[in-house]
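Engineer: Those sequence lines, one after another, are chains A and B. Residue numbering for the first sequence follows full-length UniProt numbering, beginning at 1 and increasing consecutively. Residue numbering for the second sequence follows full-length UniProt numbering, beginning at 1 and increasing consecutively. No residue lacks a Cβ here, since even glycine has one placed at the ideal position from N, Cα and C. Mind looking over this structure? Questions follow.
Protein chains: 2
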Amino acid sequence: MITLTDVAKRAHVSTMTVSRVLHHPEQVSEEIRLSVQKAISELGYKPSRVGQALSKQRQFVIQFLILEDVKKVDPYYAKLLLYIADFLRNEGYTLEINHDATYHASQVDGTFVSGARKSDLKMLTELPYPIVSYGKVGQEIPYVDIDNAKGTFMITKYLISVGYQNIIYIGLNLKEDFSLERKKGYETAIIENKRKAHIFMINNDEHEAAALVNQLDLKEKTAIVSATDRIAIGVLQRIQECGIADVGVTGFDGVFISQFSLHKLTTVEQPLKEIARTMVEMMLKLINKENVKSTLIKPRIIIGETTRKQKVIR
Amino acid sequence: MITLTDVAKRAHVSTMTVSRVLHHPEQVSEEIRLSVQKAISELGYKPSRVGQALSKQRQFVIQFLILEDVKKVDPYYAKLLLYIADFLRNEGYTLEINHDATYHASQVDGTFVSGARKSDLKMLTELPYPIVSYGKVGQEIPYVDIDNAKGTFMITKYLISVGYQNIIYIGLNLKEDFSLERKKGYETAIIENKRKAHIFMINNDEHEAAALVNQLDLKEKTAIVSATDRIAIGVLQRIQECGIADVGVTGFDGVFISQFSLHKLTTVEQPLKEIARTMVEMMLKLINKENVKSTLIKPRIIIGETTRKQKVIR
DNA sequence: ATGAAAGCGCTAACAT
DNA sequence: ATGTTAGCGCTTTCAT
Chain A
1 MITLTDVAKR
11 AHVSTMTVSR
21 VLHHPEQVSE
31 EIRLSVQKAI
41 SELGYKPSRV
51 GQALSKQRQF
61 VIQFLILEDV
71 KKVDPYYAKL
81 LLYIADFLRN
91 EGYTLEINHD
101 ATYHASQVDG
111 TFVSGARKSD
121 LKMLTELPYP
131 IVSYGKVGQE
141 IPYVDIDNAK
151 GTFMITKYLI
161 SVGYQNIIYI
171 GLNLKEDFSL
181 ERKKGYETAI
191 IENKRKAHIF
201 MINNDEHEAA
211 ALVNQLDLKE
221 KTAIVSATDR
231 IAIGVLQRIQ
241 ECGIADVGVT
251 GFDGVFISQF
261 SLHKLTTVEQ
271 PLKEIARTMV
281 EMMLKLINKE
291 NVKSTLIKPR
301 IIIGETTRKQ
311 KVIR
Chain B
1 MITLTDVAKR
11 AHVSTMTVSR
21 VLHHPEQVSE
31 EIRLSVQKAI
41 SELGYKPSRV
51 GQALSKQRQF
61 VIQFLILEDV
71 KKVDPYYAKL
81 LLYIADFLRN
91 EGYTLEINHD
101 ATYHASQVDG
111 TFVSGARKSD
121 LKMLTELPYP
131 IVSYGKVGQE
141 IPYVDIDNAK
151 GTFMITKYLI
161 SVGYQNIIYI
171 GLNLKEDFSL
181 ERKKGYETAI
191 IENKRKAHIF
201 MINNDEHEAA
211 ALVNQLDLKE
221 KTAIVSATDR
231 IAIGVLQRIQ
241 ECGIADVGVT
251 GFDGVFISQF
261 SLHKLTTVEQ
271 PLKEIARTMV
281 EMMLKLINKE
291 NVKSTLIKPR
301 IIIGETTRKQ
311 KVIR
C-alpha cells in the first residue's frame with residue numbers, strides 16, 4: 001500500500017506537506033505543490049480511510065439498519081439503498097448495511113433506520129450518533145416519509161376529475177400512521193368534492209381484496225382507491241375476470257409490483273431518489289450538529305391503464 | 001470512547017494483557033483474566049474497528065458492488081444483501097454497498113459483485129482483493145449461481161410427470177449464459193422423455209409474451225415453461241383472459257413477482273439464503289488464501305396454482 | 001511556507 | 001505470565 005510517507009519521500013518533503021497539499025493546498029508553495037501532486041499521481045496514492053479515521057476520530061461510515069425481518073423486506077429497498085449509497089459517496093461516506101436489530105453497537109458516524117416501530121424508540125434514542133428514519137416512528141427521531149395523505153388525496157381528486165362518480169376506498173386494517181394518513185387523504189378529497197365516502201378496511205392481501213370486490217356489486221363510473229399496490233392487484237384481477245366495464249383501480253407504492261401486470265396500474269409512486277437525497281442531506285446536517293426538520297416528500301401519481309385518462313392534475 | 005488503555009488502567013495491567021484476554025485468553029492467568037473481564041464489562045468496552053484495522057492491516061469490510069443501473073436492479077437484491085450482511089456479521093465482517101461502477105478503489109478486504117458483464121472482466125481481475133460474483137462472468141472469477149439448466153430441467157420434468165402432453169418453452173432472446181442454460185435444461189428434459197421441443201425466444205416483456213400466446217393456438221394438456229417470471233405473468237394473464245382450460249404455466253426466479261397474483265405461479269425459486277451463505281463461505285476462503293470452486297446452487301421448484309398437482313419431483 | 005513530534009487504538013514481536 | 005516497544009497511516013499542534 002502506498003502511504004503518505006512514500007509520497008513524501010518521493011517528493012523530498014515531509015508527510016505534513018503532502019497532507020497539506022491534499023487538504024489545504026493554498027498553504028503550500030506552488031512549486032512544492034506541483035511536485036507533490038506529481039508524486040501522488042505517479043505512485044497512485046490513495047489516502048487510507050483507516051488512517052484518516054484514526055486521527056480524525058471519525059469513520060466516514062453511515063449504517064443503514066433494517067429492522068424488518070428479511071422475509072418481509074419490501075422489494076424497493078434495494079433501490080433506496082443504492083440511491084443512498086450514491087449520494088453518500090459523493091460526500092465521502094460509505095454505506096454499511098446492518099440488519100439484525102440487536103446489532104446497534106456498530107462504530108459508525110450515523111444510522112439510517114427503516115421498519116422501526118414504537119418499541120424500537122428507546123433503543124434508537126440511546127444510540128450515540130445521529131439517526132434518520134425512513135418512515136415516522138415518533139417525534140423524537142427525525143424522519144423522511146412520503147406524504148401519505150397527500151398521495152391518496154391527489155389520486156382521489158384525479159379520479160373525480162376524470163369523471164368517476166362513485167369512489168370507494170379499500171384501506172389497510174392497521175393502526176400505523178401511514179395507514180391512517182392514507183385513509184385521511186381519501187376522506188379529505190371526498191369531503192372537498194362533496195361526494196359520499198365508501199370505506200372498507202382489510203389486510204394487505206390480494207385474495208382478501210378480490211373477495212371484497214365480489215361483494216361490492218360494482219357499477220359503471222366507479223373507481224376504487226387502494227391503500228397498497230397489493231390490494232389493487234387483487235381488485236384488478238377480480239374485476240378483469242368479471243369483465244365489469246369502466247371501473248377504475250388505483251394503488252399506492254408502485255415501484256415494482258405495478259410493473260408486473262399487462263395493464264399498468266395507476267398508482268402513487270414512492271419518489272425513492274428524492275427520499276434518499278433528503279435522508280442523506282438530513283444526516284449530513286445532523287453530523288454537523290445542525291438542526292433538521294422531519295420531511296414529507298410530495299408523492300407523484302402515475303397514470304397507468306387502469307383508470308380513465310382525461311386530464312392530469314399536478 | 002472507552003479504549004484498551006482505559007480498561008488496562010482500571011484493571012491495573014498493561015494494554016497487552018487486556019488484548020490477550022480478548023484474543024488469547026488461555027495465555028492469561030485466571031485471576032487477572034477475571035479482573036480484566038470485569039473491567040471490560042463495567043466500562044462497556046468495545047474494541048475499536050479502526051484501531052484493529054490499522055494494526056492488523058485489514059478492514060474487516062467486504063463490499064457488494066452492484067454494476068447494474070439503479071433502475072434495473074432486481075427486486076430481490078434487497079434480500080440477498082441482507083442475507084449476506086447477516087452471514088458476514090457472524091464472521092466479524094461488515095457489508096458495504098457500492099454501486100457506481102467507477103468506484104472500485106474502495107478499501108475493503110473483498111468484493112462481491114453482481115450484474116457484471118464480460119466487459120467488466122478486466123477491471124475485476126485487476127482488483128487487489130478477492131472477488132466472488134453472483135452469476136457467472138467468466139472462468140477467471142469465482143462465482144455462485146443458481147443451476148439454471150437444472151431449474152428448467154426439473155420443472156419440465158415435473159410438467160411431464162403430472163401429465164402435460166405438449167410442452168412449450170418461451171425463452172429469453174439473450175446470449176448470456178443463464179439464458180442459454182435455461183433453454184438447455186428444457187431441451188434435455190424433452191429429449192430424455194422423447195417429446196417434441198417447441199421453442200420460442202422473446203424479450204423479457206410481459207406484453208411480448210402475451211402477444212406470442214395469441215398466436216399459439218393452445219390446446220388442452222399443454223404447458224408453457226417460461227424463462228422468467230415476467231414472461232410467465234404475461235402468458236398467464238393472456239391465458240386467463242382467453243379462458244383456455246388446463247394449460248399449465250411456469251416461471252423462473254420467483255421471489256417477489258410470483259406473489260403478486262391471485263394465482264400463485266409455479267416457478268423455479270432462487271434460493272437466496274443458500275446463495276448468500278455460499279458467497280460468504282467462498283469469500284472467507286479466498287481471504288485465507290484457500291482455493292475455491294465456483295458453485296452452482298441447486299434450485300427448488302415451487303408448485304403453485306398455475307399447473308396441475310399430482311406428484312412432486314425432488 | 002515547511003517540518004518535527006505527538007497521538008489516535010490496537011497488536012505483533014520481543015523482553016522480562 | 002506479563003510488560004515494553006514499536007509501528008500501522010494520518011492529522012493536529014507547535015516549532016522553525
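Arg314/B by DSSP, collapsed to three states: which one?
Structural biologist: Note that Arg314/B has pLDDT 42, beneath the 50 cutoff, so the model's placement of it is unreliable and no number is given.
Engineer: Report the rounded CA-to-CA distance for Val7/A versus Leu88/A, giving the unit in angstroms.
Structural biologist: Val7/A and Leu88/A: Cα-Cα distance of roughly 28 Å.
Engineer: Entirely within the region 157 to 203 of chain A and at least 4 residues each: give me those alpha helix (DSSP H) ranges in chain order.
Structural biologist: Counting whole runs of 4 or more residues, the region 157 to 203 of chain A contains the alpha helix (DSSP H) stretches 177 to 192.
Engineer: In chain order, which continuous runs of the beta strand (DSSP E) of length 3 or greater are located wholly inside the region 228 to 289 of chain B?
Structural biologist: Listed in chain order, the complete beta strand (DSSP E) runs (minimum 3 residues) inside the region 228 to 289 of chain B are 247 to 250, 267 to 269.
Engineer: In chain order, what residues of the same chain have a beta carbon less than 6 Å from the beta carbon of Ile190/B, not counting five sequence neighbours either side?
Structural biologist: Only Ala197 meet the Cβ criterion.
Engineer: Against chain A, with Cβ distances strictly below 9 Å, would Ile302/B count as a contact?
Structural biologist: Cβ-Cβ to chain A under 9 Å: no for Ile302/B.
Engineer: Is the beta carbon of Tyr164/A closer than 9 Å to that of Thr228/A?
Structural biologist: Going by C-beta atoms, Thr228/A is not nearer than 9 Å to Tyr164/A.
Engineer: What first and last residue would you give for the alpha helix (DSSP H) that runs through Ala116/B?
Structural biologist: Element bounds for Ala116/B: n/a, residue is neither H nor E.
Engineer: Anyone know if the C-beta pair for Leu272/B and Lys79/B falls short of 9 Å?
Structural biologist: Contact: yes.
Engineer: When you compare the CB of Met16/A with every CB in chain B, is at least one pair closer than 9 Å?
Structural biologist: Judged by the 9 Å Cβ criterion, Met16/A is not in contact with chain B.
Engineer: What's the C-alpha gap between Gly185/B and Ile297/B?
Structural biologist: About 15 Å.
Engineer: Taking Cβ-Cβ distances shorter than 9 Å, what residues in chain A pair up with Tyr83/B?
Structural biologist: Here the neighbours are Val70, His99.
Engineer: On the premise that Leu172/A lies in contact with Asn148/A, defined as a C-beta separation below 8 Å, what is that separation, rounded to the nearest angstrom?
Structural biologist: Not quite, the Cβ-Cβ distance comes to about 11 Å (not below 8 Å), so this is no contact.
Engineer: Smallest Cα separation from Lys309/B: which of Ile155/B, Glu31/B, Ile141/B?
Structural biologist: Ranking Ile155/B, Glu31/B, Ile141/B by Cα distance to Lys309/B puts Ile155/B first.
Engineer: With a threshold of 9 Å between beta carbons, is Met282/B in contact with chain A?
Structural biologist: Cβ-Cβ to chain A under 9 Å: no for Met282/B.
Engineer: Is there at least one Cβ from chain B nearer than 9 Å to Pro75/A's Cβ?
Structural biologist: Yes, because at least one Cβ of chain B sits closer than 9 Å to the Cβ of Pro75/A.
Engineer: Should residue 320/B go down as buried or exposed, given a rule of 16 or more other Cβ atoms within 10 Å for buried?
Structural biologist: Nothing about residue 320/B can be reported from this structure: the residues present for chain B run from 1 to 314 only.
Engineer: Quick check on Phe64/A - is its C-beta less than 9 Å from some C-beta in chain B?
Structural biologist: So, interface residue.
Engineer: Under three-state DSSP, which class holds Gly92/A?
Structural biologist: Reduced to three states, the DSSP call for Gly92/A is coil.
Engineer: Where in the UniProt domain "HTH lacI-type" (2 to 56) of chain A do unbroken runs of the alpha helix (DSSP H), each at least 4 residues long, occur, reported from the N-terminal end onward?
Structural biologist: Complete alpha helix (DSSP H) runs here, min 4: 4 to 11, 15 to 23, 30 to 43, 49 to 56.
Engineer: From the DSSP secondary-structure annotation, give me the bridge partner or partners of Gln63/B.
Structural biologist: Its beta-bridge partners are Glu96/B, Thr111/B.
Engineer: Per DSSP, Ser133/B is paired with what?
Structural biologist: Answer is Val113/B, Tyr143/B, bridged to Ser133/B.
Engineer: Could you name the residues that DSSP lists as bridge partners for Ile224/B?
Structural biologist: Answer by DSSP bridge pairing, in chain order: Ile168/B, Val249/B.
Engineer: Return the CA-CA distance between Tyr143/B and Thr125/B, expressed in angstroms with no decimal places.
Structural biologist: Taking the straight line from one Cα to the other gives about 13 Å.
Engineer: What's the C-alpha gap between Gln57/A and Gly92/A?
Structural biologist: Cα-Cα distance, rounded: 15 Å.
Engineer: Let me know if Val18/A comes out buried or exposed under the rule of 16 or more other beta-carbons within 10 Å of its beta-carbon.
Structural biologist: By the 10 Å Cβ count, Val18/A comes out buried.
Engineer: For Ile302/A, which of helix, strand or coil comes out of DSSP?
Structural biologist: Looking at Ile302/A - three-state DSSP - the assignment turns out to be strand.
Engineer: For Met282/A, count neighbouring C-beta atoms within 10 Å of its own C-beta (all shown protein chains included) and say buried if the count is 16 or more, exposed if not.
Structural biologist: Answer is buried; the Cβ neighbour count reaches 16.
Engineer: Can you give the beta carbon distance from Gly44/B to Leu159/B, rounded, assuming they're within the 8 Å contact cut?
Structural biologist: Contact doesn't hold; Cβ gap of about 60 Å is too wide.
Engineer: Mind checking the region 208 to 239 of chain B against chain A and listing, in chain order, the residues whose C-beta falls within less than 7 Å of any C-beta there?
Structural biologist: Of all residues in the region 208 to 239 of chain B, Ala210, Arg230, Ile233, Gly234, Gln237 have a Cβ within less than 7 Å of some Cβ in chain A.
Engineer: Would you list, in chain order, the members of the UniProt domain "HTH lacI-type" (2 to 56) of chain A that have their beta-carbon closer than 8 Å to a beta-carbon of chain B?
Structural biologist: Cβ contacts with chain B: Lys46, Ser48, Arg49, Val50, Gly51, Ala53, Leu54.
Engineer: Would you say Thr307/A reaches chain B, if we count a Cβ-Cβ gap shorter than 9 Å as a contact?
Structural biologist: Judged by the 9 Å Cβ criterion, Thr307/A is not in contact with chain B.
Engineer: Roughly how many angstroms separate the alpha carbons of residue 320/B and Pro130/B, rounded to a whole number?
Structural biologist: Residue 320/B cannot be examined here, being either before or after the span of chain B that is shown, 1 to 314.
Engineer: For a quick check, are the C-beta atoms of Arg277/B and Tyr77/B less than 9 Å apart?
Structural biologist: Against a cut-off of 9 Å, the Cβ pair of Tyr77/B and Arg277/B comes out as no contact.
Engineer: Would you say Gln59/A faces chain B, with C-beta separation under 9 Å as the test?
Structural biologist: Gln59/A counts as touching chain B.
Engineer: Looking only at C-alpha atoms, which of Ser226/A, Leu180/A, Gln63/A, Glu176/A sits nearest to Leu127/A?
Structural biologist: When each option's Cα is compared against that of Leu127/A, the closest is Gln63/A.
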